[in-house]
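A.B. asks:
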Amino acid sequence: PLQRAGPRLANAYLMMKTMRLFVPLGVSALLLAAGESIPSQPRPLAIDPAQTKVEFTLGGMLHTVHGDFHLKRGTLSFDPRSGKASGELVVDATSGESGSPARDKRMHAAILESAKYPEIAFRPDRVEGKVAPEGKSQVQLHGLFAIHGAEHEILFPATVDAAAGQYTVSCTFEVPYVSWGMKNPSTLLLRVSDKVEITIRTVVHTM
Numbered sequence: 239p240l241q242r243a244g245p246r247l248a249n250a251y252l253m254m255k256t257m258r259l260f261v262p263l264g265v266s267a268l269l270l271a272a273g274e275s276i277p278s279q280p281r282p283l284a285i286d287p288a289q290t291k292v293e294f295t296l297g298g299m300l301h302t303v304h305g306d307f308h309l310k311r312g313t314l315s316f317d318p319r320s321g322k323a324s325g326e327l328v329v330d331a332t333s334g335e336s337g338s339p340a341r342d343k344r345m346h347a348a349i350l351e352s353a354k355y356p357e358i359a360f361r362p363d364r365v366e367g368k369v370a371p372e373g374k375s376q377v378q379l380h381g382l383f384a385i386h387g388a389e390h391e392i393l394f395p396a397t398v399d400a401a402a403g404q405y406t407v408s409c410t411f412e413v414p415y416v417s418w419g420m421k422n423p424s425t426l427l428l429r430v431s432d433k434v435e436i437t438i439r440t441v442v443h444t445m
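Mapping to our numbering: the sequence shown position 92 is 330, numbers consecutive.
Written as structure tokens, this is what we have:
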């Protein structure tokens with residue numbers, strides 16, 4: 239019947255079948271494009287101070303020094319689509335303890351100068367890598383690390399363990415405190431590293 243109707247009608251029929259095939263695909267493509275153009279929204283996260291630990295390790299020739307600091311305050315916002323982050327994790331520099339009053343006194347007076355610079359802070363600006371909604375993810379955190387009156391760009395690895403809107407974050411990185419303008423506490427009898435290792439463990443959850 240289609241052949242008897244003539245070539246024009248046959249062409250119109252074929253065109254209608256082609257449109258029926260491609261129109262749904264075109265609509266789907268438009269929906270995907272529209273979804274990608276929707277601005278992503280940052281997700282505010284609350285930091286749990288009770289589940290936050292900030293520890294430091296300083297290696298030496300004879301022994302290794304371990305200590306910790308107390309979290310002073312913290313805010314965080316993260317956009318899982320773009321990876322952008324904001325906020326800050328602020329540590330009380332005057333709270334640093336290593337188990338030796340004499341050593342801690344020297345640390346605060348001669349190295350950290352914590353009376354003059356009472357806060358140590360990390361201000362993230364982006365997360366490199368994807369954070370899974372559930373389970374563990376390996377990412378990189380980028381931002382500014384503020385200590386001893388100066389800010390330094392830093393990038394370090396972190397492990398994020400997600401479960402039911404809660405994220406357990408742990409990261410370890412080195413701070414080259416001597417090259418960042420602080421004194422090396424080494425003496426003729428006691429030599430220590432010019433870098434200190436910082437470990438942060440915290441729990442954050444969506445607000």
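Quick reminder that beta carbons are idealized off the backbone N, C-alpha and C, glycines included. The structure displayed is predicted, hence computed values, not measured ones.
1. Please report the residue range of the alpha helix (DSSP H) in which ASN340 lies.
2. Where does the unbroken beta strand (DSSP E) through ASP330 begin, and where does it stop?
3. DSSP state of PRO287, grouped into three classes?
4. Under 8 Å by Cβ, that's how I've got ALA384 and ILE358 pegged, so tell me the actual separation to the nearest angstrom.
5. If you check the beta carbons only, do LEU296 and SER431 fall under 9 Å apart?
6. If you run the structure through DSSP and keep just helix, strand and coil, what is ALA402?
7. Ignore the nearest five residues each way along the sequence and tell me which others in VAL328's own chain have a CB closer than 6 Å to its CB.
8. Just the C-alpha distance for GLY373 and THR444, rounded to the nearest angstrom, thanks.
9. Straight-line CA distance for ALA400 to SER408?
10. Could you name the residues of the same chain whose beta carbon sits closer than 6 Å to that of GLY337, not counting the 5 residues immediately before and after it, in chain order?
11. Report yes if the CB atom of GLY325 is closer than 9 Å to the CB atom of SER315, and no otherwise.
12. Within the same chain, show all residues whose beta-carbon is closer than 6 Å to that of PRO287, passing over the 5 residues directly before and after it, in chain order.
13. Select from ARG341, VAL377 and VAL416 the residue whose C-alpha is nearest the C-alpha of THR406.
14. Using CA coordinates, which residue listed in ASP330, LYS368 and THR425 is at the minimum distance from GLU351?
15. Quick check: the Cα distance between ALA353 and PRO362, rounded to an integer number of angstroms?
16. For the beta strand (DSSP E) that contains VAL377, what are its first and last residues?
17. Excluding the five sequence neighbours on either side, which residues of its own chain have a C-beta within less than 8 Å of the C-beta of MET257, listed in chain order?
18. Does ALA396 come out as helix, strand or coil in the three-state DSSP assignment?
19. For ARG226, which residues of its own chain have a beta-carbon under 8 Å away from its beta-carbon, when the five flanking residues on both sides are left out?
20. Could you name the residues of the same chain whose beta carbon sits closer than 6 Å to that of VAL413, not counting the 5 residues immediately before and after it, in chain order?
21. Between TYR251 and PRO282, what straight-line distance do the alpha-carbon atoms span, to the nearest angstrom?
22. By Cβ distance below 8 Å, which residues in the same chain neighbour SER417 in space, the five residues on each side in sequence not counted?
C.D. replies: With the structure as the only source:
1. Checking the sequence, you will find Ala at residue 340 rather than Asn. For ALA340, the enclosing alpha helix (DSSP H) begins and ends at 339-344.
2. Taken as a continuous stretch (DSSP letters only), the beta strand (DSSP E) holding ASP330 covers 323-335.
3. Assignment of PRO287 by DSSP, reduced to helix, strand and coil, places it in the helix class.
4. In this structure, ALA384 and ILE358 form a Cβ contact; the two beta carbons are roughly 7 Å apart against a cut-off of 8 Å.
5. Yes.
6. Looking at ALA402 - three-state DSSP - the assignment turns out to be coil, as it is neither helix nor strand.
7. Closer than 6 Å at Cβ, skipping near neighbours: LYS310, ARG311, GLU357 and ALA359.
8. Their backbone Cα atoms lie some 16 Å apart in a straight line.
9. In a straight line, the C-alpha of ALA400 is about 12 Å away from that of SER408.
10. Result list for GLY337: empty, nothing under 6 Å.
11. Taking 9 Å as the cut-off, the beta carbon of GLY325 is found closer than this to the beta carbon of SER315.
12. Same-chain partners within the cutoff: LEU309.
13. Just measuring C-alpha positions, the residue of ARG341, VAL377 and VAL416 sitting nearest THR406 is VAL377.
14. For GLU351, the nearest C-alpha among the options comes from ASP330.
15. ALA353 and PRO362 have their C-alpha atoms some 25 Å from each other.
16. Unbroken beta strand (DSSP E) run through VAL377: 373-385.
17. The predicted position of MET257 is uncertain, since its pLDDT is 46 and thus under 50; no value can be drawn from it.
18. Strand, per DSSP.
19. Absent from the structure is residue 226, since the part of the chain shown begins at 239 and ends at 445.
20. Around VAL413: VAL434 and ILE436.
21. Summary for TYR251: the model assigns pLDDT 48, below 50, so the residue's position carries little reliability, and this model does not support an answer.
22. Result list for SER417: ASP432, in chain order.
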